[in-house]
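Since the structure comes first, as structure tokens, the remarks are kept for the end.
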Amino acid sequence: PAICGAVRAPAVAGPPEDASKKRKRAAKKFKAKNPTSIYVSSLPPSVDSDEALCAIFEPCGVIKTDPATGAKKAKIYRDAEGMPKGDGVVTFLRKESVELALSLRDGYTVPSAEMTGPIRVRQAKFEAK
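Using the numbering used here, you'd call the opening residue of the sequence shown number 28 and step up by one each time.
In structure tokens:
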């Protein structure tokens with residue numbers, strides 16, 4: 028039970044934390060929250076939409092959807108002119124899907140008209156800016 032009229036002692040402030048420690052702590056927290064994302068590189072020009080990227084990785088597991096838009100969480104990175112850069116990110120619902128994507132799709136050659144090399148897949152590492 029609370030005591031009426033009780034005065035709480037002011038919080039004692041510790042030494043100021045330097046900015047680099049704050050950034051590192053924030054980056055660790057951010058990384059820990061995203062173990063279900065993969066980074067894909069060396070994509071052929073035919074993979075030019077988020078939907079095309081989804082099609083490659085749907086056999087590996089359920090791709091997360093954005094609750095606000097209902098769109099799948101797969102993104103092709105684009106340059107300033109809006110052209111695909113050949114890399115992107117896919118976020119799965121379960122972390123087991125990441126392991127499956129790494130084993131099934133790293134080194135996979137996307138069937139396309141262009142003669143391109145295999146794609147590279149690795150777990151995404153997000154860092155706070």
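Note that beta-carbon positions come from the ideal geometry of N, C-alpha and C, so glycine has one too.
Backbone CA spacing between residue i and residue j [nearest angstrom]
i	j	result
P86	E108	31 angstroms
G144	D75	16 angstroms
E126	A82	17 angstroms
V137	A155	32 angstroms
P71	I146	8 angstroms
L129	E78	19 angstroms
F153	S139	30 angstroms
I90	E123	12 angstroms
Y135	A98	25 angstroms
G113	F119	20 angstroms
D93	L80	16 angstroms
P62	G115	16 angstroms
G88	A95	21 angstroms
Selected residue, minimal CA-CA separation from residue i, among the options
i	options	result
R132	R149, T92, F119, T118	R149
T64	Y135, G134, V117, L129	Looking at the sequence itself, residue 64 is Ser, so the reference to Thr does not match. Of Y135, G134, V117, L129, the residue nearest in Cα terms is V117.
I103	P111, G134, V89	P111
R121	E141, D114, K100	K100
R157	A98, P62, S68	The chain is shown only over 28 to 156; residue 157 falls outside these bounds and no answer can be derived.
E141	G134, S73, P62	S73
Residues bridged to residue i (per DSSP)
i	result
K102	V116
P111	R105
T92	K99
I65	V117, Q150
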